[in-house]
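Trainee: Residue 10 is where the sequence shown starts when you use our numbering, and the numbers rise one by one after that.
Ideal Cβ placement from N, Cα and C applies to all residues, glycine included.
Got a structure for you, questions after.
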Amino acid sequence: MNLIASLVFSAVLAAPVAAQACSKLDVSGTGKPGTDLGFALSGADANVPAILFLSTQTGKTTLKAGPLGTLELGLAMPLIPVPLGMTDDKGDASLTVKIPDAKIPEISLHGQATSIKFEFKMGPPKLTFCTSNVVDFKIGG
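If you want it as structure tokens, here you go:
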């Protein structure tokens, strides 16, 4: 009985760790027409591609890449993928988007980024993902 209690306790302690982001996404700017909106990813895997996902709702989305791996996001479908580019030696990548200077209705959005690492070790190749926190921002208004 003590073994079962210990295993349950260990699983409960480990659950929050597994759910934590492995990288950090920051957003800067107001998102108002005619301004810049910046996205900065830090602490991701170094020298690999990074993608920013946008959605109008938070939630849970699981994207399966067959035997290569699975990406879990804190955003609900539909998703808009936006390339952030390659991360640098520190695992950082950034993107600045110019919001058009036009009348745009205000829209609340959520963003989450991930780096994608291709691994070719013993056995079949696989993808590993270093996923960020979810950020909230608005555009337009």
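Shortest alpha-carbon distance to Gly100 belongs to which of Leu77, Thr39, Asp145 and Gly52?
Mentor: Here the question's residue 100 lines up with position 91 in the sequence shown. The shortest C-alpha separation from Gly100 is found at Gly52.
Trainee: Would you kindly work out how many angstroms separate the C-alpha atoms of Leu50 and Gly132, rounded to a whole number?
Mentor: As a working mapping, residue 50 is identified with position 41 in the sequence shown. As a working mapping, residue 132 is identified with position 123 in the sequence shown. Rounded to the nearest angstrom, the two C-alpha atoms are 31 Å apart.
Trainee: Verify whether the separation of the beta carbon atoms of Thr137 and Lys126 is less than 8 Å.
Mentor: The count along the sequence shown starts at 1 and reaches residue 137 at position 128. The count along the sequence shown starts at 1 and reaches residue 126 at position 117. Cβ atoms of Thr137 and Lys126: closer than 8 Å.
Trainee: Within 10 angstroms of its Cβ, does Gln121 collect 16 or more other Cβ (buried), or is it exposed?
Mentor: For the purposes of this step, residue 121 is identified with residue 112 of the sequence shown, where counting begins at 1. Gln121 comes out buried.
Trainee: Under DSSP, the beta strand (DSSP E) around Val91 begins and ends at which residues?
Mentor: As a working mapping, residue 91 is identified with position 82 in the sequence shown. Where Val91 is concerned, the enclosing beta strand (DSSP E) stretches over Ile89 to Met95.
Trainee: Taking Cβ to Cβ, would you say Gly1 is nearer than 8 Å to Gly149?
Mentor: It is not possible to answer for residue 1, since the shown part of the chain is limited to 10 through 150.
Trainee: Does DSSP put Pro133 in a helix, in a strand, or in coil?
Mentor: Along the sequence shown, one-based indexing puts residue 133 at 124. Three-state DSSP puts Pro133 in coil, outside helix and strand.
Trainee: Consult DSSP for Leu12 and reduce its assignment to one of helix, strand or coil.
Mentor: Within the sequence shown, numbered from 1, the residue matching residue 12 stands at position 3. No answer about Leu12 holds up, because its pLDDT of 35 lies below 50 and its placement is not dependable.
Trainee: Give the straight-line distance between the Cα atoms of Val36 and Leu82, rounded to the nearest whole angstrom.
Mentor: Along the sequence shown, read from residue 1 onward, the residue named residue 36 stands at position 27. Along the sequence shown, read from residue 1 onward, the residue named residue 82 stands at position 73. Each residue's Cα considered, the two are about 18 Å apart.
Trainee: Indicate the three-state DSSP secondary structure (helix, strand or coil) for Gly38 in the structure shown.
Mentor: By one-based count along the sequence shown, residue 38 stands at place 29. In this structure, Gly38 counts as coil in the three-state DSSP scheme.
Trainee: Let me know the secondary structure DSSP gives Pro213 once reduced to three states.
Mentor: Lying outside 10 to 150, the shown extent of the chain, residue 213 is not represented and no answer is given.
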